[in-house]
Amino acid sequence: MFSKFYLCLFLTCFSAAVLHAEPLAPNDVKALLGRIREKRAGAPQSQADFQEEKTIKLMNRPVTSSGHLWFEPPNKFRREVKGNSPSVTVSDGQQLWMYYPKLEAAERYQLG
Numbered sequence: 029m030f031s032k033f034y035l036c037l038f039l040t041c042f043s044a045a046v047l048h049a050e051p052l053a054p055n056d057v058k059a060l061l062g063r064i065r066e067k068r069a070g071a072p073q074s075q076a077d078f079q080e081e082k083t084i085k086l087m088n089r090p091v092t093s094s095g096h097l098w099f100e101p102p103n104k105f106r107r108e109v110k111g112n113s114p115s116v117t118v119s120d121g122q123q124l125w126m127y128y129p130k131l132e133a134a135e136r137y138q139l140g
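Quick note: the sequence shown uses our numbering, first residue 29, plus one each step.
1. Use the C-beta contact count for Ser94: other C-beta atoms within 10 angstroms, 16 or more gives buried, fewer gives exposed.
2. CB Leu97 to CB Ala71, shorter than 8 Å?
3. Measure how close the beta-carbons of Arg106 and Val118 come, nearest whole angstrom, since I'm counting them as under 8 Å.
4. What does DSSP give as the partner residue(s) for Leu97 in the beta ladder?
5. Quick check: Glu100 and Gln79, are their CB atoms within less than 8 Å of each other?
6. From Gln138, Asn112, Ala53, Leu131, pick the residue whose C-alpha is nearest to that of Gly121; which is it?
7. Would you tell me roughly how many angstroms separate the C-alpha atoms of Val116 and Glu108, rounded to the nearest one?
8. Candidates Ser113, Lys104, Asn112, Glu132: which alpha carbon is nearest Gln123's?
9. Tell me the residue span of the beta strand (DSSP E) that contains Glu135.
10. When you compare only the Cα positions, how much space is there between Arg65 and Trp125?
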């Protein structure tokens, strides 16, 4: 269950990049998923740099952020956002912590 949650979270984080890409043919999708499975079998932990763009209606302009994302099965997750609004989000599958360095504030959520 946690693997599906983190896969969805991972895909959501990178959806902005996908929205501007050309769709893959069904055979290319199958080949890509096969390569991902092979890579994960050899080294199940994953990490990536990301860049996301959100539009906040009150500001009426896009807000861009970037950072780094780590995932280690079955349920460890870390996301560091850099820039004007930095944050660190960490989860062990049981709890989720969010830390905001500029505010010197942290939040903790119980999962499941």
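Note that the Cβ used here is the ideal one computed from N, Cα and C, for glycine as well.
Short version:
1. exposed
2. no
3. 5 Å
4. Ala76, Arg107
5. no
6. Gln138
7. 5 Å
8. Lys104
9. 133-138
10. 29 Å
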